[in-house]
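Line by line, the protein sequences give chains A and B.
When we follow my numbering, the leftmost residue of the first sequence carries the number 187, and every step to the right adds one.
When we follow my numbering, the leftmost residue of the second sequence carries the number 32, and every step to the right adds one.
Quick reminder that beta carbons are idealized off the backbone N, C-alpha and C, glycines included.
The structure appears below as structure tokens.
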Amino acid sequence: QHFELRLEQFGPYRLDYTRPGRHLLLGGRRGHVAALDWHTKTLMCEINVMETVADVAWLHAETMFAVAQRRWLHVYDNQGLELNCLKRFAGVLRMQFLPYHFLLATASDTGFLQYLDVSVGKEVAATCTRGGRLAVMAQNPANAVVHLGHSNGTVTLWSPSVKEPLARALCHRGAVRALAVDRTGTYMATAGLDRQLRVWDLRTYRPLQALVLPQGAAHLDFSQRGALAAACGDVVQVYREAARELPRKPYLCHRLPQPPRGLRFCPYEDVLGAGHGAGFTSLLVPGAGEANFDALEDNPYRSRKQRQEWEVKALLEKIPAELITLDPTHLDRVDTASMEQKRREKIERLGFDPDAKRKFQPRRKAKGGSSAGGLLRRKRKVAHEQQR
Amino acid sequence: MRVKVLSRNPDDYVRETKLDLQRVPRNYDPVLHPFEVPREYTRALNATKLERVFAKPFLSSLDGHRDGVNCMAKHPKSLSTVLSGACDGEVKIWNLTKQQCIRTLQAHEGFVRGMCARFCGTSFFTVGDDKTVKQWKMESPEYGEEEEPIHTILGKTVYTGIDHHWKEAVFATCGHQVDIWDEQRTSPMCSLTWGFDSISSVKFNPIEAYLLGSCASDRNIVLYDMRQSTPLKKVILKMRTNTLCWNPMEAFIFTAANEDYNLYTFDMRFLASPVMVHMDHVSAVLDVDYSPTGKEFVSASFDKSIRIFPVDKGHSREIYHTKRMQHVITVKWTSDNKYILCGSDEMNIRLWKANASEKLGVLTPREKAAMNYNQKLKEKFQYHPQIKRIARHRHLPKSIFCQVKEQRIMKEARRRKEQNRRKHSKPGSVPFVSEKKKHIVAVVK
């Protein structure tokens with residue numbers, strides 16, 4: 187599981203793992219793109235796209251990947267055949283794939299955040315973020331909200347259906363250099379030009395931890411079990427349980443031959459992948475990966491048939507992009523505003539309120555109790571209900 | 032140096048041979064299953080859409096009568112037999128599995144006004160325009176024998192309906208008055224009458240078997256007790272009731288099909304206000320029949336459609352119509368709760384599915400599990416606007432669609448007028464009358 191690939195020719199490497207964690211995609215700055223199954227070390231494809239590669243990302247399965255090249259966004263098959271060249275996505279710097287919505291979110295050089303629906307191949311939304319060059323991007327896996335870091339130290343949260351950011355938080359005194367959100371969507375780690383590494387609570391947007399590093403962190407990633415990896419210069423530091431405390435001495439640290447350009451934890455394995463100028467290194471981080479996977483969600487040992495079945499079911503359950511909000515359970519909540527409005531309209535239409543409680547009318551009893559005193563006694567028993 | 036990291040043996044996760052099942056390890060931690068609510072919502076949306084895609088309720092049409100079908104009767108013991116009587120006096124017995132007529136007999140000269148099967152299933156009774164009540168054998172006659180009734184009773188007046196007791200050898204006919212007959216006698220045991228007008232239908236209560244209900248032309252519904260030989264009470268409505276049907280599960284509930292386009296579900300013990308008013312038809316409701324579960328009923332109307340209503344709701348959940356189906360005179364819900372039969376003016380009996388998108392036949396356990404899951408999802412999200420919009424969408428024929436719009440406008444106009452009256456008169460002088468009580472004129476004991 188610990189291995190190194192020496193690829194010194196084609197520039198620092200960006201990397202991406204598929205969701206089950208079995209396949210690895212490497213993209214070097216000078217155009218070298220390779221896809222391989224790193225468990226068995228079988229190479230799926232290796233091509234040179236002859237252009238600067240800004241970022242690479244797997245799409246929903248290990249059959250397709252997207253490469254953000256110098257001018258446009260290209261989509262390739264896992265055998266290296268070019269499937270698509272999307273000219274609407276120009277100058278893409280960073281990409282994030284939202285798996286349950288089949289959306290590829292891209293952040294561009296000119297400040298545009300664009301969403302591509304890969305199941306139908308249409309651009310769902312293009313927002314002008316007005317935040318300048320968008321080089322820092324992360325997604326919140328729990329609610330599919332895209333976090334962008336800006337050069338004025340703010341982090342903004344975006345949803346495809348809304349033109350304004352859902353939230354804006356001032357995180358650092360200088361520019362934000364790196365951003366990561368943990369799997370449960372409760373913590374966000376940011377690193378800025380002011381050499382600080384901060385951990386924020388995403389529900390209250392309040393700072394939890396702060397640490398000053400001698401060299402600021404250029405890349406951040408959370409693992410499945412909450413370990414935070416930070417790349418400072420050419421040293422990778424791993425902190426366990428970053429939200430609880432950020433000690434000065436990290437859990438692990440490792441010096442790479444050159445400063446890394448990409449840092450990703452492999453899902454379901456205790457492995458941290460780092461792509462740097464001299465190639466790719468796979469580091470062992472005990473306790474980083476989730477031990478028990480759910481085969482109906484991601485199965486690293488799935489066969490071709492299982493992948494096909496999973497793909498069909500996932501496409502059927504594809505969540506429409508309009509449902510992305512800060513609270514993923516908002517569909518479960520009672521829509522009190524509409525309910526109130528409907529009630530008001532009904533009262534206006536009917537002239538009276540059909541749900542209002544009627545005044546308590548005591549029933550006439552046969553044997554006594556129907557006298558005036560008796561009726562009054564029964565009325566007084568329920569009189570307190572009116573006072574509510 | 033020994034480092035403790037996760038290392039999985041692929042043999043534990045991959046199946047051994049091609050003939051084995053695939054291994055599917057599960058982890059139910061909700062962190063691994065994000066977007067629980069939106070995914071369920073999408074599944075519910077898909078389930079609702081598929082339900083509409085598979086909603087093909089029409090099964091077949093039983094062809095053969097030479098005049099409009101006037102009445103139908105279910106065989107109490109056999110699910111695949113149904114009897115129907117036509118307006119030319121012909122009675123046909125059908126086999127539903129083969130969708131063929133197995134027996135035809137000329138029962139009356141003139142209309143066959145009413146039919147009912149005996150509770151044991153060995154014989155059935157018919158009444159017709161020729162003032163006779165005839166009892167016939169349920170089995171076909173042997174080779175060489177002629178179609179002859181077991182028993183014929185001649186009466187003095189035309190009989191308009193007949194119903195058999197659910198447990199004893201007693202039947203009741205209605206016409207000028209309600210007569211209760213013993214099967215062995217040729218004259219009625221007792222005659223019950225209240226009021227001066229003709230009675231259009233009579234029905235025995237399947238649970239409290241000594242109770243009868245009848246609908247008369249002077250807009251009332253009368254309830255009788257067979258043991259006392261007297262009428263119990265009656266309720267007078269604004270318009271005439273065509274038929275009534277007792278709920279086979281709730282002892283005191285019955286539903287009346289009225290001429291004012293509505294159906295009223297009454298509790299026998301409290302007739303002053305109906306339990307529910309079912310409004311959806313755009314023309315007179317001619318027949319009603321309950322499902323054997325007692326939770327829903329189907330109604331046939333003069334507008335050329337049949338509607339299925341739940342007992343506790345005021346509007347229908349389903350409407351069935353065809354271009355070829357004209358005024359529907361009679362409707363029956365089969366005893367296995369799966370099919371609906373309707374007999375109409377144009378000599379055809381149509382067979383429909385009670386659940387329009389149900390898959391008939393034997394279902395595999397996986398199919399059943401998937402259907403149950405989809406059903407539960409639809410129920411969970413049924414009030415969301417998009418899902419509600421798809422679930423209640425039904426295609427209506429143009430005549431009914433226009434009528435519905437027109438009647439809605441009329442109703443709104445009446446409501447606005449009443450509101451204006453209330454606004455411009457002394458407060459309290461125009462009282463609020465609930466929709467249920469609006470249609471009842473009086474209850475008489």
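{"Check": "Contacts that Pro69(B) makes with chain A (C-beta to C-beta distance below 7 Å)", "Outcome": "Ile505, Leu509, Pro514, Leu517"}
{"Check": "Secondary structure of Glu508(A), DSSP reduced to three states", "Outcome": "helix"}
{"Check": "Own chain, CB closer than 8 Å to Tyr370(B), minus 5 neighbours either side, in chain order", "Outcome": "Leu90, Leu127, Trp364, Leu382, Trp383, Lys384, Ala385"}
{"Check": "Cβ pair count under 8 Å reaching 3, the segment 360 to 367 of chain A against the segment 407 to 420 of chain A", "Outcome": "yes"}
{"Check": "Nonlocal neighbours in the same chain, by C-beta distance under 8 Å from Glu476(A), ignoring five residues either side", "Outcome": "Gln410, Arg411, Pro453, Tyr454"}
{"Check": "Alpha carbon of Val424(A) to alpha carbon of Leu438(A), nearest angstrom", "Outcome": "5 Å"}
{"Check": "Own chain partners of Leu352(A) with C-beta closer than 6 Å, once the 5 adjacent residues on each side are dropped", "Outcome": "Leu343, Ser345, Leu512"}
{"Check": "Contacts of Tyr487(A) in chain B (Cβ-Cβ under 7 Å)", "Outcome": "Pro41, Tyr44, Val45"}
{"Check": "Helix, strand or coil at Thr79(B) [DSSP, three-state]", "Outcome": "helix"}
{"Check": "Minimum Cβ-Cβ distance from Glu526(A) to chain B less than 9 Å", "Outcome": "no"}
{"Check": "Among Leu536(A), Ile505(A), Lys532(A), Ile533(A), the one whose alpha carbon lies nearest that of Thr73(B)", "Outcome": "Ile505(A)"}
{"Check": "Interface partners of His64(B) on chain A, CB under 8 Å", "Outcome": "Asp480, Glu483"}
{"Check": "Secondary structure, beta strand (DSSP E): runs of 3+ residues fully inside the segment 346 to 408 of chain A", "Outcome": "353 to 356, 362 to 367, 373 to 378, 382 to 387, 392 to 398, 403 to 408"}
{"Check": "Short-range partners of chain B found in the segment 278 to 302 of chain A, where Cβ spacing is below 7 Å", "Outcome": "Tyr286"}
{"Check": "Neighbour flag for Leu454(A) against chain B, beta carbons, 9 Å", "Outcome": "A quick correction: the sequence has Tyr, not Leu, at residue 454(A). Yes - at least one Cβ of chain B is within 9 Å of the one on Tyr454(A)."}
{"Check": "The segment 383 to 398 of chain A in contact with the segment 425 to 444 of chain A per 3-pair CB rule at 8 Å", "Outcome": "yes"}
{"Check": "Contact the segment 467 to 483 of chain A vs the segment 287 to 307 of chain A: 3+ CB pairs below 8 Å", "Outcome": "no"}
{"Check": "Collapsed DSSP secondary structure at Gln131(B) in the structure displayed", "Outcome": "strand"}
{"Check": "Residues within the segment 193 to 215 of chain A neighbouring chain B, beta-carbon criterion of under 8 Å", "Outcome": "none"}
{"Check": "With 16 other Cβ atoms within 10 Å as the buried cut-off, status of Asp43(B)", "Outcome": "exposed"}
{"Check": "Three-state secondary structure (DSSP) of His96(B)", "Outcome": "coil"}
{"Check": "Arg423(B) - DSSP class collapsed to helix/strand/coil", "Outcome": "coil"}
{"Check": "Thr522(A) at chain B interface by Cβ criterion, 9 Å", "Outcome": "no"}
{"Check": "Lys580(A) burial status per 10 Å Cβ neighbour count (16 or more: buried)", "Outcome": "Because chain A spans 187 through 574 in this model, residue 580(A) falls outside it and cannot be assessed."}
{"Check": "is_contact[Arg530(A), chain B] using C-beta, thresh 9 Å", "Outcome": "no"}
{"Check": "Partner residues on chain B for Gln547(A), Cβ-Cβ distance less than 8 Å", "Outcome": "What Gln547(A) touches in chain B: nothing, since even the nearest Cβ is about 15 Å away."}
{"Check": "Proximity of Val36(B) and Val422(A) at Cβ, strictly below 9 Å", "Outcome": "no"}
{"Check": "Below-9 Å beta-carbon distance, Arg54(B) vs any chain A residue", "Outcome": "yes"}
{"Check": "Short Cβ contact (9 Å threshold) for Val209(B) with Val233(B)", "Outcome": "yes"}
{"Check": "Test: His346(B) CB closer than 9 Å to a CB of chain A", "Outcome": "no"}
{"Check": "Residue interval of the alpha helix (DSSP H) (run including Ala523(A))", "Outcome": "522 to 536"}
{"Check": "Cβ contact (3+ pairs, closer than 8 Å) linking the segment 427 to 439 of chain B and the segment 309 to 319 of chain B", "Outcome": "yes"}
{"Check": "Cβ-Cβ separation, His195(B) to Phe156(B) (assumed contact under 8 Å), whole Å", "Outcome": "7 Å"}
{"Check": "Counted within 10 angstroms of its Cβ, other Cβ atoms place Ile510(A) as buried (16 or more) or exposed", "Outcome": "buried"}
{"Check": "C-alpha distance - Arg447(A) paired with Trp496(A), whole-angstrom precision", "Outcome": "32 Å"}
{"Check": "Buried or exposed by the 16-neighbour rule on C-beta atoms within 10 Å, applied to Pro237(B)", "Outcome": "buried"}
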